[in-house]
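A.B. asks:
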Amino acid sequence: MRTDITVKIGGEAGQGIQTIGTLLAEVCHSAGFFTFSIDDFESRIRGGHSFNLLRISNEPLVAPGHIPDILVAIDQRTMSLNKANLLSDSLVILNAESESGAEIDENSCSDADLEGCTSNNILKISLNRLAKEAGGLITANTVAAGSIFAVLGTPFEMLEGLLIKKFKAKGEKIINLNITAAKMGYEAAGNLRYNKQLDWKPTKTDRIVIGGAKAAGLGALASDCRFFPFYPMSPATGVIASVVPYSGKLPIVVEQAEDEIAAVNMAIGASFAGVRSMTSTSGGGFCLMTEGLGIAAMTETPLVIVDSQRPGPATGLPTRTAQPDLLFVINASQDDFPRFVLAPGNPAETFESVKKAFYLSEKYQVPAIVMLDQFLATSQVTQQNFFKVDKDVERFIFNQEDLKTSQYSTALDYKRYEITDSGISPRALPCMGDIMVRATGNEHNEKGQISEDATNKINMTNKRNSKLEAMKKEMDLPEISYPKGADKQFFLTGWGSSKGPIVEACQILQEKGINVGYIIFKDIWPMNSDAVKPLIENKKFIMVEQNSNCQMGKLITQETGISYYSSILKIDGRPFYPQYIVDKTLDIIG
Amino acid sequence: MVEPKDYDSDFENKWCPGCGNFPIQKAMKQAFAELDIPPQKILFVSGIGQAGKTPHFMQGNMFHCLHGRALPVATGAKIANHDLNIVVNSGDGDCYGEGGNHFLAAIRRNIDITLLVHNNQVYGLTKGQASPTSALGMVTKIQKHGVTSSPFNPLATALGSGAGFVARGFSGDTDQLVKLIKAAMNYKGLALVDILQPCLSFNKINTHQWYKDRVYDIKAAGHDSSDLAKAIVLSLEWGDKIPTGLFYEKESASFHSRVGVLQEQTLISYQFDGEKTAAAF
Numbered sequence: 001m002r003t004d005i006t007v008k009i010g011g012e013a014g015q016g017i018q019t020i021g022t023l024l025a026e027v028c029h030s031a032g033f034f035t036f037s038i039d040d041f042e043s044r045i046r047g048g049h050s051f052n053l054l055r056i057s058n059e060p061l062v063a064p065g066h067i068p069d070i071l072v073a074i075d076q077r078t079m080s081l082n083k084a085n086l087l088s089d090s091l092v093i094l095n096a097e098s099e100s101g102a103e104i105d106e107n108s109c110s111d112a113d114l115e116g117c118t119s120n121n122i123l124k125i126s127l128n129r130l131a132k133e134a135g136g137l138i139t140a141n142t143v144a145a146g147s148i149f150a151v152l153g154t155p156f157e158m159l160e161g162l163l164i165k166k167f168k169a170k171g172e173k174i175i176n177l178n179i180t181a182a183k184m185g186y187e188a189a190g191n192l193r194y195n196k197q198l199d200w201k202p203t204k205t206d207r208i209v210i211g212g213a214k215a216a217g218l219g220a221l222a223s224d225c226r227f228f229p230f231y232p233m234s235p236a237t238g239v240i241a242s243v244v245p246y247s248g249k250l251p252i253v254v255e256q257a258e259d260e261i262a263a264v265n266m267a268i269g270a271s272f273a274g275v276r277s278m279t280s281t282s283g284g285g286f287c288l289m290t291e292g293l294g295i296a297a298m299t300e301t302p303l304v305i306v307d308s309q310r311p312g313p314a315t316g317l318p319t320r321t322a323q324p325d326l327l328f329v330i331n332a333s334q335d336d337f338p339r340f341v342l343a344p345g346n347p348a349e350t351f352e353s354v355k356k357a358f359y360l361s362e363k364y365q366v367p368a369i370v371m372l373d374q375f376l377a378t379s380q381v382t383q384q385n386f387f388k389v390d391k392d393v394e395r396f397i398f399n400q401e402d403l404k405t406s407q408y409s410t411a412l413d414y415k416r417y418e419i420t421d422s423g424i425s426p427r428a429l430p431c432m433g434d435i436m437v438r439a440t441g442n443e444h445n446e447k448g449q450i451s452e453d454a455t456n457k458i459n460m461t462n463k464r465n466s467k468l469e470a471m472k473k474e475m476d477l478p479e480i481s482y483p484k485g486a487d488k489q490f491f492l493t494g495w496g497s498s499k500g501p502i503v504e505a506c507q508i509l510q511e512k513g514i515n516v517g518y519i520i521f522k523d524i525w526p527m528n529s530d531a532v533k534p535l536i537e538n539k540k541f542i543m544v545e546q547n548s549n550c551q552m553g554k555l556i557t558q559e560t561g562i563s564y565y566s567s568i569l570k571i572d573g574r575p576f577y578p579q580y581i582v583d584k585t586l587d588i589i590g
Numbered sequence: 001m002v003e004p005k006d007y008d009s010d011f012e013n014k015w016c017p018g019c020g021n022f023p024i025q026k027a028m029k030q031a032f033a034e035l036d037i038p039p040q041k042i043l044f045v046s047g048i049g050q051a052g053k054t055p056h057f058m059q060g061n062m063f064h065c066l067h068g069r070a071l072p073v074a075t076g077a078k079i080a081n082h083d084l085n086i087v088v089n090s091g092d093g094d095c096y097g098e099g100g101n102h103f104l105a106a107i108r109r110n111i112d113i114t115l116l117v118h119n120n121q122v123y124g125l126t127k128g129q130a131s132p133t134s135a136l137g138m139v140t141k142i143q144k145h146g147v148t149s150s151p152f153n154p155l156a157t158a159l160g161s162g163a164g165f166v167a168r169g170f171s172g173d174t175d176q177l178v179k180l181i182k183a184a185m186n187y188k189g190l191a192l193v194d195i196l197q198p199c200l201s202f203n204k205i206n207t208h209q210w211y212k213d214r215v216y217d218i219k220a221a222g223h224d225s226s227d228l229a230k231a232i233v234l235s236l237e238w239g240d241k242i243p244t245g246l247f248y249e250k251e252s253a254s255f256h257s258r259v260g261v262l263q264e265q266t267l268i269s270y271q272f273d274g275e276k277t278a279a280a281f
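Residue numbers (my numbering), protein chains in the order written: chain A, 1 to 590; chain B, 1 to 281.
1) What does R316 (chain B) touch in chain A if you count any residue whose Cβ is under 8 Å from its own?
2) Looking at the unbroken alpha helix (DSSP H) that takes in H29 (chain A), where does it start and where does it end?
3) Run down chain A in chain order and give the residues with a C-beta less than 9 Å from the C-beta of M62 (chain B).
4) Hey, T244 (chain B) and A27 (chain B): beta-carbon distance below 7 Å or not?
5) According to DSSP, is Q407 (chain A) part of a helix, a strand, or is it coil?
6) I'd like to know if the segment 260-279 of chain B and the segment 386-403 of chain A are in contact, where contact means that at least 3 CB-CB pairs between them fall below 8 Å.
7) Taking the alpha carbon of Q309 (chain A) as the reference point, which residue from A:T301, A:T281, A:G292 has its own alpha carbon closest?
8) For chain A, is any of its Cβ atoms less than 7 Å away from the one on P72 (chain B)?
9) Who are the Cβ neighbours of C287 (chain A) in its own chain at under 7 Å, not counting the five residues just before and after it?
10) Please confirm whether Y408 (chain A) has its beta-carbon closer than 7 Å to some beta-carbon of chain E.
11) Which residues, taken in chain order from the segment 266-297 of chain A, show a beta carbon closer than 8 Å to some beta carbon of chain B?
12) Take every Cβ of the segment 62-74 of chain B, pair it with every Cβ of the segment 248-266 of chain A, and state whether three or more of those distances are shorter than 8 Å.
13) Can you confirm whether the segment 357-371 of chain A touches the segment 300-316 of chain A when touching is taken to mean that 3 or more C-beta pairs between the two stretches lie within less than 8 Å?
14) Between the Cα of T237 (chain A) and the Cα atoms of A:E401, A:R276, A:G211, which residue gives the shortest distance?
15) Using the Cα positions of P311 (chain A) and I17 (chain A), report the straight-line distance between them to the nearest angstrom.
16) Chain B beta carbons: is any one of them nearer than 7 Å to that of V393 (chain A)?
17) Which bits of chain B does R207 (chain A) rub up against, with CB to CB less than 8 Å?
18) Could you pull the DSSP bridge partners for C109 (chain A) from this structure?
19) Is it buried or exposed, H602 (chain A), if we count other Cβ atoms within 10 angstroms and call 16 or more buried?
20) Any beta-carbon of chain A closer than 7 Å to the one on I111 (chain B)?
21) Beta strand (DSSP E) containing E249 (chain B): first to last residue?
22) Assuming M436 (chain A) is part of the beta strand (DSSP E), what are its boundary residues?
23) Whole angstroms is fine: what's the gap from I450 (chain A)'s alpha carbon to R416 (chain A)'s?
24) Under DSSP, the alpha helix (DSSP H) around L477 (chain A) begins and ends at which residues?
25) Identify the contact partners of D259 (chain A) in chain B, using a Cβ-Cβ distance below 7 Å as the criterion.
26) Compare the Cα-Cα distances from S254 (chain B) to each of B:P151, B:T114, B:Y216 and report the closest residue.
27) Kindly say whether A31 (chain B), judged by its beta-carbon, lies nearer than 7 Å to any beta-carbon of chain A.
28) What residues from the segment 133-161 of chain B come within 9 Å of chain A, judged by C-beta to C-beta, listed N to C?
29) Strictly below 7 Å CB to CB, what residues from chain B border K249 (chain A)?
30) Given V7 (chain A), which residues of its chain have a CB within under 6 Å of its CB, disregarding the five upstream and five downstream residues?
31) Residues of chain A with a CB under 7 Å from the CB of H56 (chain B): which are they?
32) I42 (chain B) and G60 (chain B) - do their beta-carbons sit closer together than 7 Å?
33) Enumerate, from N- to C-terminal direction, the unbroken beta strand (DSSP E) stretches of 3 or more residues contained entirely within the segment 30-71 of chain A.
34) Answer yes if the segment 225-244 of chain A comes into contact with the segment 178-198 of chain A, meaning at least three C-beta pairs across the two stretches below 8 Å, and no otherwise.
35) Looking only at its own chain, which residues have a Cβ that is under 8 Å from the Cβ of L86 (chain A), when we skip the five neighbours before and after it?
36) Would you please state the rounded distance, in angstroms, between the beta carbons of P251 (chain A) and V261 (chain B)? I believe it to be under 8 Å.
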């Protein structure tokens, strides 16, 4: 029996919303449940409105929850924004005004704030008063967590166990303070329980809770990436931040560059010298990196960039999500050159896509871009423990010893840009022996010297582009799910992070008896049109994307000549919720 | 023994006859030979401009990158493998204009690179526009009524930003230049050698003779290169007399000696161990 509960915790930035959400997810994880957690916050450190939306289930989850079953209103604004949309059996935990002389929390809710609330199950607690009684205002979050666990029916011992583990480093005093606070919150709920209950017992699994940012970081480490130059930018900083804790254990250097231009050029310099490097940015930073993309392409230096997308143009919505960069990254930098663009759909796929990006970038000596977005990068999702680290990584480097068995009689004969059938030339590293490696951003001859010769220009452009056919064959085909019945049906078609919401939307529609399938693109560029075309021919596909101009739809048409039937485009900076896709699909197919 | 001619390349040179880059290149070859560094063991990283082409006309490993970006590329390469001897050939436009932010950052990082800035106070490759070091009022085809910005002072900026090796050479004095390049190569950190050079085609003011009439060797004049205050005063001197030589040298931990993982060995020399990586997860 599937149980599915969505908890929404809302308040101001700085009130510890994420802390409560994380604690909740950790306890759920220790009970073997699946969670899907999103943080919604403004571009500010204090104040405003932010929330954590935690979906909990005893079965795997691929998408976030939406309408809260349990609403935790730390401030009035959370109450006023949500009270009219609650289900009748929803349960509300309210940070109420304190009736005693305890320190006043000016954000707390009064009875007046409850006017118009569509739920009758309301638990009023004064977080600050209880926290103070427990021993410190700082524990207000733990008090709130205690109440949430009580209404979820979590045995207190499970919460207690996690608090001990979590605060172990901070000493007994802090542990006890938090346990007391949690207990006060727990007891304040009395016998009130939410009507859907999970079966709570400690359960060990091989699953982990992880977001796309960390999965990308780990994917890089598993690829023997050792250098991470970057410039801070939301929502991409998390990718680099995720590898920092490994800096004592693994040989890596994280360097905050003076700007994104420096970051990408440092990555290129290190890669040229033989160390795998990755930088991470969002659309605005990627704009600055485009010239770097060009020099990586021209010098055929491997380069991996993560683009964690957010809405634009310009500063746009810094802390929110979108998929607006697809056509940009495919076309970024002047003139044509081959590149890879991969768009994983969840953290597990992100890990694999980053590994694949390193492999392909080095094999073909072209840039590879992995596209995340704020939703994928920051959502914390239960995933099977997927961290498959290969014993060794294949490097495709032409070593000094390879000279003897090569076509070159001496080191001076070596041609960094030798024209070959595959378009891939032997890549040696500088200062590793007698070979001298010469690279330039100017058009060059096979030896890497500037050349303005007309025939050479044609030959070199053709050489670089001749990699494309083999590159296309490296691309996984889109994942297609056929609904029952004829295949001339509707298919929800998306790419990257909208995979989960699309898949769940299809399930909901199929449960309603509506046969809708899905097509999800993960390995996007270069598109293997010959293989993709037969898969999507004679189907009515509805593009589901988070941009305003249906970029993937346009790309499919450009590459296959096949037009999409309709589109569901969400551009509000908030993630796709399955129900949204369901409603829009029904509007389209009638 | 390495000879200067080991650096000779038969690739067609594309500089104007009489260009200040020729003696600079000659001094480079002489310095590397005297240091016994063969071309196989040197990596030139250059930007855009006539100076950026320098590595093309020599033997050696080379990454000729985009305008202003030589320092970040060189920094990445040095972090990857700090055993590399890296020489950056840049110009006044490349290093002080387009790459200005990287110039400041490289000084702060003290990345162990020899930075040769071919400073002819004009844009040569794009045919004669003002550069960041052009004199106020200098007339060009674009700056018809004269340059309206004050010239950038690279030496004072470097000294004020904490650079540990700051020198100025002159293409007309290769003996001094060889010494400066050698000292810069031996310095463990970012070593700036700003090199004054004429541009025969586009700078009709700062000619070879113009420099010749003004430059003087600060070492011969008794300058103590460990004296930062005096170095700063000298860096501000520009007019009838122009000081050249080693302004300032002070030991300072280079980037790779500030980073734990690089203290033990080069980043590239670590062996990947999939099991160890998996265990760290």
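Yeah, the Cβ is synthetic: ideal placement off N, Cα and C, and Gly gets one too.
C.D. replies: Looking at the atomic coordinates:
1) Residue coverage of chain B in this structure runs from 1 to 281, which leaves residue 316 (chain B) outside it and unanswerable.
2) 17-30
3) P430, M436, V437, R438, A439, T440, G448
4) no
5) coil
6) yes
7) A:T281
8) yes
9) none
10) Absence of chain E from the displayed structure is noted, the protein chains being A and B.
11) M266, A267, I268, G269, A270, S271, F272, A273, G274, V275, S277, E291, G292, G294, I295
12) yes
13) yes
14) A:G211
15) 24 Å
16) yes
17) Chain B residues near R207 (chain A): none, gap ~14 Å exceeds 8 Å.
18) A:A96
19) No information on residue 602 (chain A) is available, as it lies outside the stretch 1 to 590 that chain A covers here.
20) no
21) 242-249
22) Unbroken run through M436 (chain A): none, as it is neither H nor E.
23) 13 Å
24) It is not in any alpha helix (DSSP H) - L477 (chain A) carries neither H nor E in the DSSP assignment.
25) N101
26) B:T114
27) no
28) none
29) A280
30) L54, I70
31) Q449, I450
32) yes
33) 34-40, 47-57
34) no
35) I67, P68, L71, V92, C117, T118, S119
36) 5 Å
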